[in-house]
Every structure is written in structure tokens, then in C-alpha cells.
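Chains as they are written, first to last, in the numbering used here: chain A, 93 to 351; chain B, 93 to 351; chain C, 93 to 351; chain D, 93 to 351.
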């Protein structure tokens, strides 16, 4: 049996790259995402081409018994899940309240919050039984404060942050380490940012801001995920942030906006 | 038409008492709660006996089209809602993750978070159209940090806090004031604490801690709710806390617990 | 003997106005500030003209034994201090680190942090001995997060916030109520903002933003100070914020600044 | 010239151990502390015995021109400071307000806050000139909230946290990375905890809680310091926490203490 790193939300940005990093470190990376079988296959192939082990699975986490089944199967067929990377967001774009339908609001919560809750219910007892395990949760600044147009996003992300704190409060002392990682900035991610901006603007952004490391690089994020997942249990980090050197933190105002 | 204060979650503690305070101040108090028609009737009678106006309604907010209908009816039949007091919690007791069913977890969110979202979707445009209105949200320290056994509670309450911040970010500049009020301590509330402890222990607590104002008194909380609802728009409070003088704030540790 | 409200930092903005509000409510307002004897005299005369009691004192709080002596004298000659309003900031303008001299950095702390510490050391035992008393501290968003050019300001203000929390942790249970009030926005204050902008720009700001209540009005702030100082001890607020309806909270980004 | 890691506050706990970790990684560790020349010599010898480079210096940071001179000398004689580890606390024990003298209150600030400010004023321009450099600040939960008996400690630590945020806000975009690391628990540190408890109780604590990794191990803390100091500039952490697996986070209450 292999030591497994299970990535929920494995696109070509943070998710897939963290999976690849763990594969390099000797883990079997199980990558799952909702759609784009072709993109998923490429991630798996790239890991294998580099000499690592990987498996891909399409999975829609809002459907019942999806993540639960996957965890059970992985534990039985591939190996014990050492690290669960929960990399699903709840970003639905900036939407005024009137444009945020019940469905959108609920869906954000089902993905970002309830999805982690369901995964934790299955994986925490397994990890606890082994006395060790790590859950890394990719978060955003929406977990820290509400913003205009973020009714659905901010409430789902904040719910998840408090879920992480509650999980640590129950499971840390059983050997399960949950880390909430606020990624505060623009990630150099073709599958999300790239699609949002379109190829031309994305290329331009990479050539300008990106050329000076002003976009958050997934492979650098992955180094910190790896580090946190391997912290000795005498010194665990529960919460941390990540941002590019040239960006202001979310709590900084442009001076110009205040009088 | 009367100026209305609509209380969602009107028990004999904070909810009903805030309603009574607003009735004293000239508002028509519309009190709604899920159950206990008799208790609700008593709250209404008490207000009327004191010369105020009140209406009672049983309402299960997790059912679709309940709060929405109520707001529409109140606006049409009673008068414009000046203040909405959202006083529903998501407390389901301390529960380990394994004892927190999907249903419990979802229900907490449906009551505390989605309930406010649905109410806001209907009432904010009305208030915005009038250029004024207030939403007062009774919160707890679970909105600020997770604790053992609080997977459902903390995530729902934190989601709601960020929803409040997002609502302010969109609606404050349209004249709608949302205040998130963290009640950090034990409230002298017969309908919640009283039922939890049973008559004997509740009487004892009132006779000891309560005798020295160590329980949070709903009528005193109501004074602050009234004040916040009537702050001039040049000086609005978005977030505040309330606790009894003899209690430590949630962020204070007992020194003894740290080596 | 009169019931005293002592205002440290009594300019024509929040400080003097809060003093006047307490005088209206029957307190003897003792107003002190560092300079401008003429302006101070005017504040006192205005209160007296309105039928209230007031005393003015020039006082440089960074000098040793100043605030200490004043408190002792007031308690002996005027009456027991029921409310201390600590309204001194540490704003020294936006300064790069290289432009922030040792002297400036230390002075910010001496005014905002050490000044309150020294006042508290004298007044808390007196209030504790009487079993009641209130300290209202005017704070700013610098107490919550650092910003460019705010090395001195933010560190002094944050130090003070934690001092307030520590004071509550020790003295709340002795009947002394400390409230930390974050004023998040531009105050319509001739003595600070007015001098900073100059008469012309200040008049213009008042005629535009101010005309729509977009400047925080000191007399409205004073209503909330009054309310907090008179909260029943079963329901005390330790921390709250105040901002104009048309302003975004400090934690909100302009969407435009994030890609 | 060597690449330097300068540790301010280098005892046998986190400070000295981080220095040793950086020496293992090829840095010249410059260790300074206020007293105990013998202990300092031992730290240096141990590093040298392991094949690393180290220099020791006694230094009282509250004295003027001490840290400033040291930084200048190190830069000239040893090499460019790549990482500054600021490991001085402001812990003066639990002290009621009446037992916190002016001197104690000021000294806490001079050590923890003003000390870092002075160091930053000298080292930030050097790092900025090179376009790179890291400042790692060992913090405690006192930076996050006040507690009884922590008037001096909490205010100094919070001041420092906001200073770190302000430093990042100015210097991150110049290539200087400041990380504020909240160590939330009991560190297995002979020079601080050991002296506080005495040899017998310290040995017992190590044999019980420590035997199960319930004390925070300095060598594990050092791994995270190393990681953070070497994060790629596209993904920097500004704030993180560290605690032992078996400890509750500072924001968690013992359930028993409520109600």
C-alpha cells in the first residue's frame, strides 16, 4: 500500500501542483476534480512521467456519497490517506445580493463548507485511528472578512475556517493536524485565472506582474503545503497566509482611499 | 401604518424582550418563533397590557417561503419594517464530529445563515428603497472561533458574521444598517437556558450568579439593541460585543490552564 | 461633589463634544488638552452657557505626574470620576520607516499607550473602590492592522487595544468597564481634520461628503459614548466600531485593486 | 563574507536552536543575548563542533546604539544579514496593574517593540538595498489578546505585531519579508521555562507532557523558521502560529468554564 495524498479540487493551479509535489516526495497522489477528464489525465501523466505515482478521478463533491466513497476506495485500494488537500473554493464572482440566488448561495456552502465537513467525517476517524494525518485547506481572504458582492463566497469560506478550528479542537489531540491556509493574491493558475481572463490577458499578466514573481506560483505554494504537512507534532501550524512579495495584505488600505 | 420591529426568534429571552422594548418606543412589534403558541401569546399580551402594539406569528424559518411571506405580509398589513431583529441561533449542543449528522450540520446553517440570507434578500431592497432600515443580528462567540463540539454551530455562526459584513458592504451606503452583536455569556432566558438547566438549577443560578447581575439581562441587552437601531447614519456600529461585568471575555484563558 | 466625566484630549471634535454631552446629562465635564487655551475656554463657556458644569485644564500627558495629579485633584476638588474618556491618538502622519525617528516612535507610544496606562493606574483603583466606573477609549483602525507609514501609529494603537483588554480582564469583575471604540472614518473635527486640510478644503469636504452625513459627526459619536458609559453591568460592551453609513469598513478592499 | 543569520535573544530554547539550524544550512550564526556568557559560549561551541560557523555577543538591547552597532559590525566583518531572528519577549510574569511599575511597563515595550523598531530601522534599508532579506519575529498569544496580569506583556507584543504588519506594508515590495510567528504553548526551553520551574519540576514536565511531544520542541520550531525564511518571494507567509498537537489553541475555552 502507498502513502496517499488525496487532492480534492485538482486543477492545473494549486491543487494539481501540490499533488505533484507530494508525488515527488514519495506519495501516491490521488487527484480529483469535477470536470475536464483530459486536463486531469494530463496531470496524472505528468506525475507518472516524472517517476511518481498518481491516480485521477472525476467527482462532483456536491453529490451525496461521492467524497465518502472515494475516501473509502482509496483507503482500501491505494493506501492510507496521510494528507487530504481540500482545494475547492466557493468563488461565484462578485454578485449583488439580488443576483445571488438561493441556489448559488447554497451551492457555495455545499462545495466549500459541507464538502469539507463530509470529507472530515469520513477521514478524521481513519486518521485518528492511526494517530496521524493532515488536512490542508486552501482558503482565501473571504474567510476573514466580507466584501461587496461576496455574500455567498465569504459566508461559505468563513464557515469553513471555523470548521477547521473546531476540527483541530477535537482532533489535534488525536494526532490529526488541520491547517487553514489563506492564499491572499492572484495565483498563476491556468485553470481558474487563465479561464477567467482569457488567453490574451492571462499571457499579458504573466509577462508583466508574473515576470517579477508578482503572481503566486503554485509550485512555491506547494513547498509550504509540503512543509506544513510534515511539521513535527510538537510544532503544528493551524493558520497561515501566503501572498506575493509585491502585493499588499488584505488588511491594508490604499492610503488614497481614506480622505 | 405602523413602524414595525420584526423579531425572528422571539422567545422569553432576548428576542421577546427586544420586541417589547421597541413596542415601548412606539413600534409595532411583530414577534415570530417556531413553536409554543401559548408562550408567544403571552409575549403579545404583555406588550399590549403595557399599552404597546404587537402581533405574534408561528413560523419555521427553515421551510421555504416562510420568512419571505411574513415580511411581505407585514409590510402590506402592518407597516414598513424599520428594524429586523434576527435572533435565531444554531446551537445544537456540544457534539463530537461523529455525533454531528449531516442533517444537524445543515440545519444549523439553514437556520442561522441561510435564514438571514433569505430574510435579507427580501427586506434589504425594501429598506434600500426607503433609504433606511436596520438589521440587528444576535450572535455568539462561536462566530469568532471554533471550539470542540462546535462544528455545526461555529461554522454557521461565522458564516453569518461574514454575511453581515458583506451585507453592510453592499447596503450601508444605501441606508441599511446591519449590526452583528456578539452576546458573550449566559443570558437570563427562561426559554433557552431555563429549559436547558431545568427549573431547579435555573432558579439556583439566578439566585447566585444572577443576583449579582452575572447573568446577561435581556432587558439590558434590549437597551443596546434600541440604541444601535437608532444611531444616526453618520456613526453606525457594525460589530459589538455584550457580556456581564463578572465574566471573562472569550479570548481570556484561565491562567491556570497554561502551565 | 459632582459626578465627573474627565476627557483627556478635549478638542472641538469627539473629545469636547463628548464632554458637552455628559454635561448635558448632569456630569461635571473636566476637559483637558495639551494646547490652545483659547479653544479650551470656548468649550467650557459653551457648556456653561447651555447650563452645564465644566472645567478646563491644559495638560501635556507625556510629562510625568500630569495626568496623575489631575485625577487626584479632580477627585478631591470636583468629584468622583465616573467616566474617563481617553481621546488622545498617536497619529503622526504617514511616515516611511526612515522618516520615523526614535523620538516620534516613542512619543506615539507615550501619548496613546503609556498615557492610558498611567491614567488607569491611578483611576482604576478609585473606580474599583467604588465598585463602578467607565473608561472610554477612542481608537482607530490602526489598532486593528498595520499599514504603510503607520509604524509608530499602528504599534501604539494596537498596544493600547491589548491594554484595554487586559484592563477589562482585571477590572471588569471589580465594576470597572473599559470600552475600546474604533472610529473608522473621517470625523467632522475642526481641530484635527480642519487643521490638516486647511479651511478651504475642509469647508468643501463638509459641503460635499459632510452634507450627506458622510463625515462622522462628533455629536452622534457622543450619543454612543453616553450609551456605552451607562450600560447596565449585566450587559457591557468591550469593543465596538463606528463609521459613517457611506464609508466602507477598513477590511473592505476596493474590488478594482484585486485583479 | 558569509551569509549571516543574526539571532537577537539566543538562549538555549528557540533562539539558539534556530541559530544552530541556520548554521547547519550554511549560514554564519551570530548569536546575541543579554547575559550568561558561559551559556552563549556553549551555543557557539556546539555549532562549531558540528562543523558550523558561529559568533556570540552579549548585548543589552534596551541600551542605545547596541543593536544598531552590532548590525553594522556584522555586516562589515561577518557578512550580509540574510535573516534576522528577533526572539526577545516581554514576559514579566503575571502582574496586577498595581504591581506593574512604570519601569516594568516601559521596559517590556523597550525590549519587545522598540528593540525591533530600532533593529528594523538599521537592517531594513540594508536588506532593501540588496532586494532581499527576512525578519522572523517570535511572538506569543499576548500579541493577539489581553489577559489578566498581562498589561505590560500584551500591549508590547500587540504593538510589535502591528509593527510587523507595517514593516511588511512598506518593505515587502522591496524584497524584505517579515514573518510574525505566534508560539502558542509551552516551549521545551531550559533557559526560560527551566529556570522558571526549577530543575525538578522541569524534569518532571519533560518526562510527562514532554515525553509525548506535548512541549514545543525548539528544533522543530527551527524547521519552520528555516522554511519561512526560504519561501520563494511569490509565496510569503506573514503570519502563522505554532502549537503542540495536544494543546488547545488560545481561542478555545474549556467548555466547563461557560455556564
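Even for Gly, the Cβ is constructed at its ideal location relative to N, Cα and C.
Minimum Cβ-Cβ distance from residue i to chain B less than 8 Å
i, result
"residue 313(C)", "yes"
"residue 155(A)", "no"
"residue 242(A)", "yes"
"residue 350(A)", "Any reading at residue 350(A) is ruled out, since the residue's pLDDT is 41, under 50, leaving its predicted position unreliable."
"residue 108(A)", "no"
"residue 267(C)", "yes"
CB contact check: residue i to chain D, cutoff 8 Å
i, result
"residue 260(A)", "yes"
"residue 179(A)", "no"
"residue 205(C)", "yes"
"residue 340(A)", "yes"
"residue 330(A)", "yes"
"residue 254(C)", "yes"
"residue 343(B)", "yes"
Contact set for residue i: own chain, Cβ-Cβ below 8 Å, skip 5 residues either direction
i, result
"residue 241(B)", "185, 186, 187 and 188"
"residue 117(B)", "318"
"residue 387(A)", "The shown model of chain A, from 93 to 351, leaves out residue 387(A), and the question about it has no answer."
"residue 218(B)", "163, 167, 172, 173 and 225"
Anticipated Cβ contact below 8 Å, residue i with residue j, distance rounded
i, j, result
"residue 341(D)", "residue 272(A)", "Not really, about 11 Å apart at Cβ, beyond 8 Å."
"residue 229(D)", "residue 270(D)", "7 Å"
"residue 164(B)", "residue 145(B)", "20 Å between Cβ atoms; not a contact."
"residue 325(C)", "residue 305(B)", "5 Å"
"residue 98(D)", "residue 176(D)", "5 Å"
"residue 250(C)", "residue 253(D)", "7 Å"
"residue 274(C)", "residue 231(C)", "5 Å"
Contacting residues, own chain, Cβ-Cβ under 7 Å from residue i (five flanking each side not counted)
i, result
"residue 162(A)", "124, 149 and 151"
"residue 224(C)", "267"
"residue 256(C)", "229, 270 and 272"
"residue 300(C)", "none"
"residue 200(D)", "182, 184, 244, 245 and 248"
Residue nearest to residue i in terms of C-alpha spacing, selected from the options
i, options, result
"residue 302(C)", "316(C), 286(C), 317(C) and 315(C)", "286(C)"
"residue 167(B)", "104(B), 232(B), 121(B) and 243(B)", "121(B)"
"residue 173(B)", "100(B), 237(B), 239(B) and 200(B)", "100(B)"
"residue 308(D)", "323(A), 249(A), 307(A) and 300(A)", "323(A)"
"residue 142(D)", "119(D), 127(D) and 129(D)", "119(D)"
"residue 327(C)", "265(C), 248(C) and 296(C)", "265(C)"
"residue 169(B)", "291(B), 176(B) and 147(B)", "147(B)"
"residue 248(B)", "197(B), 157(B), 213(B) and 344(B)", "197(B)"
"residue 214(D)", "296(C), 136(C), 291(C) and 193(C)", "193(C)"
"residue 155(A)", "136(A), 126(A) and 131(A)", "126(A)"
Neighbourhood of residue i by C-beta distance below 6 Å, restricted to the same chain and skipping five residues each side
i, result
"residue 112(D)", "139"
"residue 311(A)", "109"
"residue 104(D)", "282 and 283"
"residue 314(C)", "109, 110 and 113"
"residue 246(D)", "234 and 238"
"residue 159(B)", "153, 210 and 211"
Closer than 8 Å to chain A by CB, residue i
i, result
"residue 201(B)", "yes"
"residue 239(C)", "yes"
"residue 152(D)", "no"
"residue 219(B)", "no"
"residue 213(B)", "yes"
Min CB distance residue i to chain C below 8 Å
i, result
"residue 159(B)", "no"
"residue 296(B)", "no"
"residue 209(D)", "yes"
"residue 143(B)", "no"
"residue 224(D)", "no"
Taking contact to mean at least 3 C-beta pairs separated by less than 8 Å, is the stretch 169-187 of chain A in contact with the stretch 202-213 of chain A?
-> yes
Inspect the CB distances between the stretch 261-268 of chain C and the stretch 249-261 of chain D and report whether three or more fall short of 8 Å.
-> no
Are the stretch 268-285 of chain B and the stretch 333-343 of chain A in contact at 8 Å, needing three or more beta carbon pairs?
-> Short answer: they don't touch.
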